[in-house]
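Position one of the sequence shown corresponds to residue 3 (our numbering), numbered consecutively onward. Virtual Cβ for every residue (Gly too), placed ideally from N, Cα, C. All remarks here apply to the structure that follows.
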Amino acid sequence: MAANMDIVVAEWRARMLAEYRSASLASEFLSWLVRLGFSSQTLQIAHRFVGNELDHADMSFEIYSALGGEEDPADIQEGTLVIPHGFGEPCLQRIVLACLDLYCIGETLAAPLFAAMQDGAAEAGPRQLLDRIVADSDNQTALGWAVLNETIERDAKLVTSLGKKHLPEFLARVERAWGLLPEDWVEPVGPAELRHGLIPRARYKREFYQAVAESVLPQLDGCNLPGRPSWGKRPRDRS
3 MAANMDIVVA
13 EWRARMLAEY
23 RSASLASEFL
33 SWLVRLGFSS
43 QTLQIAHRFV
53 GNELDHADMS
63 FEIYSALGGE
73 EDPADIQEGT
83 LVIPHGFGEP
93 CLQRIVLACL
103 DLYCIGETLA
113 APLFAAMQDG
123 AAEAGPRQLL
133 DRIVADSDNQ
143 TALGWAVLNE
153 TIERDAKLVT
163 SLGKKHLPEF
173 LARVERAWGL
183 LPEDWVEPVG
193 PAELRHGLIP
203 RARYKREFYQ
213 AVAESVLPQL
223 DGCNLPGRPS
233 WGKRPRDRS
C-alpha cells in the first residue's frame, strides 16, 4: 500500500519547525551560559548542540521541500523562538528551569524516539537525517546534565527548590505529548509511512515510558533531585 503523503508531509513540516525552534532556543540558552561564565567544556557542548540543531533543521527543510512542502521556517512567529521559562527572573533561575525541562527531560526522552524512527526509515532523505540525529544524540543529551551539574555546584539549594516545584509539571507535559494514547485513536502510520521515518503512537508511548523509567528519573535521582517522587506527583489531568 502506498504511503499517505498528506500524513508524511505534515509530520516533516512539524519536525522542520521543531528543529528550527530548538536551534533558536539553544542559541539563547548558550548565550545565558556564556553570560554567567559556565565552564569551557559545557560551553563547547552547548555550541555543538546549536550547530547540530541547525544542521538538523536544514536537512528537515530539504526533506519537507522535496515532499512538496512550501512553508518557510523563517516565517515562524518570533515569540515561539524564545525560551519561555521564568520571564523576569534572574538568569541562573531561568537556566535551571530551561535545563530541567528542555534538556534533561526533553532531549533525554527524544534520543530513543529518534532511534525508533531510524529503525524503519528506508527513504534516502529521512534515513540520512535520522542517522545523523542518532549519531549526534550523545552530545545533545549531555548538555542538560552538564549544565545541571554546574548549577548544583553553584547553588544546590536553588536547584533543589526549583526541581521540587516544577519537575511534576514538566514531566506531566511531556507525558501528554508523547505518552498518552487517546482511547479512540485510529493509527494512521503503517509500514509505508515507516519508510519515511514516521512511527506509530503506540511506539512513541512504549519508548517514552521506558526512557522515563530507565534514563530520566534515575539521572534526576542521581543528582539528588526528586525524580521518582516528582513522577508520582505529576498532574493527572489528561485534557
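Per DSSP, the unbroken alpha helix (DSSP H) holding Ala174 starts and ends at Ala126 to Val176.
No residue range can be given for Gln79, since it is assigned to no alpha helix (DSSP H) and is classified by DSSP as neither H nor E. The C-alpha of Glu189 is placed about 45 angstroms away from the C-alpha of Phe40.
Three or more Cβ pairs closer than 8 angstroms define a contact, and the region 142-153 falls short of that threshold against the region 117-125.
Here Glu13 is buried. Its C-beta has 16 or more other C-beta atoms within 10 Å. Per DSSP, the unbroken alpha helix (DSSP H) holding Asp121 starts and ends at Thr110 to Gly122. Inter-segment contact for the region 14-30 and the region 203-221 is absent: fewer than three beta-carbon pairs are separated by less than 8 angstroms. Annotated as distal: Glu171 and Ile85, with beta-carbon spacing of 8 angstroms or more.
At a Cβ-Cβ threshold of 8 angstroms, Gly165 and Pro228 count as neighbours.
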